[in-house]
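Have a look at the structure below, then the notes.
Numbering (full-length UniProt numbering), first residue to last: 1 to 646.
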């Protein structure tokens, strides 16, 4: 099985092991590129570091060169940055710390990397970085000698590279500072309307701070850049003096290690990969390509014959072949399935239909077991976050279990348990939500149709929270999210107003659910005749009634809990842990025994919910497109900005 990962890199298998194979046609390589390819091969043979990609094999045919490298299923850092716009400081700190160790290793071998950018930083299955693409690296440079090539990606070039007066290892630390700025802010510090203007900005050290960073972030950027930065008029100034040229002095990388920005990093544990990365790719089948650009993975790789090159090329590539020494403690590889969904399952009737997916009953052809399959249109929504969450937390007894994942290029098939008991309409649900929140996961779409019974017993143990299509894993210390996705009546006011929000939005949804179960009607929609504008206005105001009508038979403790779960201010709203400690939950055996009033017209409740769904569904969630179409990619001209050498 072969899958195209990048323009000239293919995922392959050999002896049950997955690899990334870089294929180059000798005849199409310019003389300069032939030298660089041989240099890349030589460097990869020499280096051995936990945060640098490993070369397993190198070989050639008459017309082609092949480099067999680690397959890193997490994709590149640029793809993640394009989706998240910017990272938290904790994320940036972790990635930069690992990167600093990788650069220090290269510099210790006399190698200048010279092409540091997010596209060349890959993530492995655990979320650790791996530096790759050594085509522009320069070998055998000590701290006294200089290189003079004009090469790299312009936006990341150091001034001494731009002015061609000679550069050393310190040029990598400049790029390191630029990368830090980009990850913290989502924008490049030196970005002109064209290459010439960008180079002028670099030479004049004129930087535009479009975002206000934490002071330690500023200081560390100045350390890496190595001199004071000018700020465009009217924007936030940086009042920081020159500290030094980090990594270029006699202490090398130790100067960066000592910086207060990295004060919480245990460098020994980091090197041993004992620190947990801030982001871990979903642990599905080993050949999953969720984190690679579908522009490439949707294509079928073709291995056309290469035209034989000139005699000089044959001479240059003598001794190109290489086989890495196999470590005795190599971990066993997981088995993978190359079958298609239709080969394993027979699709039956629809269970539910959403705006970007459809859920159907499916029967396994080998065992006749029944499952539910959620079929997600990849052109409408990126399913990677949902898959990650289900794979990590699906072992919880009250969270739906993901059995398998299939991807045919256009759609993703999520095979899960089949829920036969229908909708569940607080203790078990809240306890499960508390578990998710403790793991840093917000569901963001809690509603009756997403809380189901596994069977028809009606027992609390059979409840499952389903559909994690809008769920999000929180990594910032304050837990704030900025993506407004929501459904129907179960939406918090701060979400409606497109403000930052956190796990409190799930508590709001549970409050709406409790309100409806206690009274038989929803708090913000009276019936199917309500207009979307009316419903949205009520939700935004956060006003609801807890008196009169059916509320006369509801206890004061229940009213108190509802009011605190539906508080308009998310900072004053109860947490899941506080809900579980509320008197109404902990002393439920002391509650009044009288029966609550029943809704004589349940269709009105369903109609009210449907009206709210309709009101909010008009605000269609953003469609995720290929990375190349993102604002970040367009700003940088990802299709045009390539490594350059003149």
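Quick reminder that beta carbons are idealized off the backbone N, C-alpha and C, glycines included.
Helix, strand or coil: how does DSSP classify residue 39 here?
-> Residue numbering aside, residue 39 sits at position 39 when the chain shown is read from its first letter. In this structure, residue 39 counts as helix in the three-state DSSP scheme.
Name the DSSP bridge partner or partners of residue 401?
-> Your numbering for residue 401 matches position 401 in the chain shown. According to DSSP, residue 401 bridges with nothing at all.
From residue 539 to residue 524, what distance separates their C-alpha atoms?
-> The sequence position of residue 539 within the chain shown is 539, counting from 1. The sequence position of residue 524 within the chain shown is 524, counting from 1. Approximately 6 Å between the Cα atoms of the pair.
What's the call for residue 620, buried or exposed, on a 16-neighbour Cβ count within 10 Å?
-> As a working mapping, residue 620 is identified with position 620 in the chain shown. Confidence in residue 620 is poor, its pLDDT being 43 and thus under 50, which makes the residue's placement too unreliable to answer from.
Under the rule that 16 or more other beta-carbon atoms within 10 Å means buried, what is residue 368, buried or exposed?
-> Working through the chain shown from its first residue, we reach residue 368 at position 368. The residue is exposed, with fewer than 16 neighbouring Cβ atoms inside 10 Å.
Compare the beta carbon distance of residue 52 and residue 97 with 8 Å and say whether it is the shorter of the two.
-> Numbered from its first residue, the chain shown carries residue 52 at position 52. Numbered from its first residue, the chain shown carries residue 97 at position 97. Contact flag unset, no.
Residue ranges of each beta strand (DSSP E) run of no fewer than 3 residues wholly in the segment 442 to 473, ordered along the chain?
-> Runs found: 451 to 453 and 463 to 465.
Tell me whether the beta-carbon of residue 417 lies closer than 8 Å to the beta-carbon of residue 469.
-> Along the chain shown, one-based indexing puts residue 417 at 417. Along the chain shown, one-based indexing puts residue 469 at 469. No; because the gap between Cβ atoms is not below 8 Å, this pair is not in contact.
Secondary structure of residue 15, DSSP reduced to three states | For the purposes of this step, residue 15 is identified with residue 15 of the chain shown, where counting begins at 1. DSSP places residue 15 in coil when its eight states are reduced to three.
Are residue 453 and residue 419 closer than 8 Å when you measure CB to CB?
-> Your numbering for residue 453 matches position 453 in the chain shown. Your numbering for residue 419 matches position 419 in the chain shown. Result yes, Cβ atoms of residue 453 and residue 419 sit closer than 8 Å.
In three-state terms, what does DSSP make of residue 368?
-> Indexing the chain shown from 1 puts residue 368 at position 368. Correct three-state label for residue 368: coil.
Where do the ends of the beta strand (DSSP E) carrying residue 413 lie?
-> Numbered from its first residue, the chain shown carries residue 413 at position 413. Secondary structure note for residue 413: its beta strand (DSSP E) is the uninterrupted segment 411 to 416.
Residue environment, residue 148, which counts as buried when at least 16 other CB atoms sit within 10 Å = Here residue 148 is taken as the residue at index 148 of the chain shown, counted from 1. Exposed.
Expressed to the nearest angstrom, what Euclidean distance is found between the alpha-carbon atoms of residue 132 and residue 70?
-> Reading the chain shown from its first residue, position 132 is the one you call residue 132. Reading the chain shown from its first residue, position 70 is the one you call residue 70. So the two alpha carbons sit approximately 10 Å from each other.
Residue 558, enclosing alpha helix (DSSP H) - first and last residue = Against the chain shown, residue 558 aligns to sequence position 558. Note, residue 558: alpha helix (DSSP H), 556 to 565.
CB contact flag (residue 271, residue 93, <8 Å) = The residue labelled residue 271 in the question sits at position 271 within the chain shown. The residue labelled residue 93 in the question sits at position 93 within the chain shown. Cβ atoms of residue 271 and residue 93: not closer than 8 Å.
For residue 75, is the classification buried or exposed, using 16 other Cβ atoms within 10 angstroms of its Cβ as the cut-off for buried?
-> On the chain shown, position 75 is the one that residue 75 refers to. Note on residue 75: 16 or more other CB atoms within 10 angstroms of its CB, so buried under the neighbour-count rule.
Identify every residue that forms a DSSP beta bridge with residue 352.
-> Against the chain shown, residue 352 aligns to sequence position 352. According to DSSP, residue 352 bridges with 359.
Residue 447, buried or exposed, once every other Cβ within 10 Å from all chains shown has been counted against 16 = Here the question's residue 447 lines up with position 447 in the chain shown. So residue 447 counts as buried.
Can you tell me the Cα-Cα spacing of residue 330 and residue 31, whole angstroms?
-> In the chain shown, counting from the first residue as 1, residue 330 sits at position 330. In the chain shown, counting from the first residue as 1, residue 31 sits at position 31. Bear in mind that the predicted position of residue 330 carries a pLDDT of just 34, short of 50, making it unreliable; the figure below should be weighed with that in mind. Distance between the alpha carbons of residue 330 and residue 31: 38 Å.
N-terminal and C-terminal residue of the beta strand (DSSP E) that residue 535 is part of = For this step, residue 535 is matched to residue 535 along the chain shown. Element bounds for residue 535: not the beta strand (DSSP E) but the alpha helix (DSSP H), 532 to 541.
When burial is assigned at 16 or more other CB atoms within 10 Å of the CB, is residue 517 buried or exposed?
-> Here the question's residue 517 lines up with position 517 in the chain shown. Per the 10 Å Cβ criterion, exposed.
Distance between residue 415 and residue 347 (C-alpha atoms, nearest Å) = Taking the first residue of the chain shown as 1, we reach residue 347 at position 347. Taking the first residue of the chain shown as 1, we reach residue 415 at position 415. One C-alpha to the other measures close to 11 Å.
Any idea if residue 175 is buried or exposed, counting beta-carbon neighbours within 10 angstroms, 16 or more meaning buried?
-> Counted from its first residue, the chain shown places residue 175 at position 175. It counts as buried.
Which residue's Cα is closest to the Cα of residue 399: 195, 409 and 434?
-> On the chain shown, residue 399 is found 399 positions in, with the first residue counted as 1. Comparing Cα positions, the closest option is 434.
Please classify residue 60: does DSSP put it in a helix, a strand, or coil?
-> Here residue 60 refers to the residue found at position 60 of the chain shown. Note: residue 60 maps to strand in three-state DSSP.
Selected residue, minimal CA-CA separation from residue 403, among 342, 391, 350 and 191 = Along the chain shown, one-based indexing puts residue 403 at 403. The shortest C-alpha separation from residue 403 is found at 391.
Run the CB neighbour count on residue 438, radius 10 Å, all protein chains shown included, and call it buried at 16 or more, exposed below.
-> For the purposes of this step, residue 438 is identified with residue 438 of the chain shown, where counting begins at 1. Its Cβ having fewer than 16 others within 10 Å, residue 438 is exposed.
What residue does the beta strand (DSSP E) around residue 695 start on, and which one ends it?
-> Residue 695 cannot be examined here, being either before or after the span of the chain that is shown, 1 to 646.
Looking only at its own chain, which residues have a Cβ that is under 8 Å from the Cβ of residue 463, when we skip the five neighbours before and after it?
-> For the purposes of this step, residue 463 is identified with residue 463 of the chain shown, where counting begins at 1. Hits under 8 Å: 398, 424, 428, 429, 432, 451, 452, 453 and 454.
Got a sec, what are the start and stop residues for the beta strand (DSSP E) residue 130 sits in?
-> Sequence index remark: in the chain shown, residue 130 carries index 130 (1-based). That run of the beta strand (DSSP E) goes 129 to 131.
In three-state DSSP terms, what is residue 503?
-> Position 503 of the chain shown holds residue 503. Residue 503 falls in the coil class under three-state DSSP.
Going by other Cβ atoms of all chains shown within 10 Å of its Cβ, with 16 needed for buried, is residue 244 buried or exposed?
-> For the purposes of this step, residue 244 is taken as the residue at position 244 of the chain shown. The pLDDT assigned to residue 244 is 33, lower than 50, so where the model puts this residue is not dependable; a value taken from the coordinates is nonetheless given after this. Looking at its Cβ environment, which holds fewer than 16 other Cβ atoms inside 10 Å, residue 244 is exposed.
DSSP on residue 548, reduced to helix/strand/coil?
-> On the chain shown, position 548 is the one that residue 548 refers to. Judged by DSSP in its simplified three-state form, residue 548 adopts coil rather than helix or strand.
Through-space distance from residue 259 to residue 152, alpha-carbon basis = For the purposes of this step, residue 152 is taken as residue 152 along the chain shown, with counting starting at 1. For the purposes of this step, residue 259 is taken as residue 259 along the chain shown, with counting starting at 1. The straight-line gap from Cα to Cα measures roughly 27 Å.
What does residue 66 pair with, by DSSP beta-bridge criteria?
-> Residue numbering aside, residue 66 sits at position 66 when the chain shown is read from its first letter. Beta-bridge pairing links residue 66 to 23 and 59.
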